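Report on one structure; see the data block that follows.
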Amino acid sequence: MQLTLLKCKLHRVCVTQAELDYEGSCAIDEDLMRQAGIREFEQLHIYNLANGERFSTYAIRAEAGSRTISINGAAAHKASPGDRLIICCYAVMDEQEAARFEPTLVYCDAHNQVIRLGHRIPVQAA
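Letter by letter, the sequence shown follows residues -8 to 117 of the numbering used here.
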């Protein structure tokens, strides 16, 4: 059996720009991509905390150290500068891989600075 699991996420990054006339995609600071393990052109699932929009696109590199998160093309209608996002990638693996796999979780502040890294999400209390 194949399972689809969370591979990595950038948690609460802040949109720095939305470019309607740019070729589609999401530009992400290359340093953030590296820390999360996001590959150029990898499919992204984006969840906008400001307006509830959920959409998919692909990753392109933004200049390292720029802290850029740019939503481009048609997706620019779904996010505005200042919106906080959760950007996720998923991976398909078999049950044996899944049993030992831990996702990479990158938590950011409002300036897209990494504030902590993790591999587990705490159990949600009732």
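Ideal Cβ positions, reconstructed from N, Cα and C, are used throughout, including at glycine.
Predicted model, so just to flag it, every value in this text is computed and none were measured.
Spatial neighbours of residue i in its chain, beta-carbon cut-off 7 Å, leaving aside the 5 residues before and after
i	result
H2	I77, L96, V97, Y98, C99
F92	L(-4), M84
A90	none
Beta-carbon proximity of residue i to residue j, cut-off 8 Å
i	j	result
Y38	R30	no
D133	S57	Examination of residue 133 is not possible in this model, given that the chain is present from -8 through 117 alone.
V6	I62	yes
A53	A9	no
E14	G64	yes
L40	N103	no
A18	T59	yes
DSSP-derived helix/strand/coil call for residue i
i	result
G109	strand
Q8	strand
R30	coil
R25	helix
Own chain partners of residue i with C-beta closer than 8 Å, once the 5 adjacent residues on each side are dropped
i	result
Q(-7)	V83, M84, D85
I94	Contrary to the premise, residue 94 reads as Pro rather than Ile in this sequence. Hits under 8 Å: L(-4), L(-3), K(-2), C(-1), K0, H110.
Q26	T95, V97, V105, L108
S71	V6, A9, A41
I112	L96
Beta-bridge pairing of residue i - partner residues as DSSP gives them
i	result
R52	I19
A82	L(-4)
A66	In the DSSP output, where bridge partners are listed per residue, A66 has none listed.
F46	I37
H102	According to DSSP, H102 bridges with nothing at all.
S61	Q8, A18
V97	L1, L108
R75	C5
Candidates the options: closest to residue i by CA position
i	options	result
C79	L35, A101, D22, E10	L35
R75	I112, R91, N42, A116	N42
Own chain, CB closer than 6 Å to residue i, minus 5 neighbours either side, in chain order
i	result
F32	Y49
L11	A67
L55	In the sequence under discussion, the amino acid at residue 55 is Ala, which differs from the Leu named in the question. Cβ within range, chain order: E21, D22.
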